[in-house]
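The UniProt record's numbering puts the sequence shown at residues 1 to 104.
We put the beta carbon where it would ideally sit given N, CA and C, even for glycine.
Keep in mind it's a predicted model, so treat the numbers as computed, not measured.
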Amino acid sequence: MSTKDLFLENQICFPLYACSRALTSLYRPILDQLGLTYPQYLVLLVLWRGDGCSVKEIGRKLYLDSGTLTPLLKRLEDSELVVRKRSEKDERSVRIFLSLKGKN
């Protein structure tokens, strides 16, 4: 491997990263009006498709670990867009549901 291979412009990951950031920034004006971040919006999309997902399921679908997802869900809960409910079958399991406000 030569030094040239390590140049940023020769890395496939960088154009993908730049493209992702550019696409995400297109959502920002709309999401700002709603008081949402892009990751919060993605969580809502997951729940709009199938309400009552476990935290683990949401993390798997969005490629987010629990350390990232937990505070994100807390902010959505504080905004009254989602509610957390413990599973009746397994107290350790928490499911996330859209609130009435989150459904609208």
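Over what stretch of residues does the alpha helix (DSSP H) that includes Ile58 continue unbroken?
By one-based count along the sequence shown, residue 58 stands at place 58. Looking at the DSSP string, the run of the alpha helix (DSSP H) that includes Ile58 is 55 to 62.
Buried or exposed: where does Gln40 fall if 16 or more other Cβ atoms within 10 Å of its Cβ makes it buried?
The residue labelled residue 40 in the question sits at position 40 within the sequence shown. Under this definition Gln40 is a buried residue.
If we call anything under 8 Å between Cβ atoms a contact, is Tyr38 one with Tyr27?
One-based indexing of the sequence shown puts residue 38 at position 38. One-based indexing of the sequence shown puts residue 27 at position 27. A contact, by the Cβ cut-off of 8 Å.
Any beta-carbon of chain B closer than 8 Å to the one on Lys74?
Going by chain labels, chain B is absent from the structure shown, which holds only one protein chain.
According to DSSP, simplified to helix, strand and coil, what is residue 158?
The shown model of the chain, from 1 to 104, leaves out residue 158, and the question about it has no answer.
C-alpha gap between Ala22 and Pro15, whole angstroms:
Within the sequence shown, residue 22 is the residue found at index 22, counting from 1. Within the sequence shown, residue 15 is the residue found at index 15, counting from 1. Between Ala22 and Pro15, the C-alpha separation is close to 10 Å.
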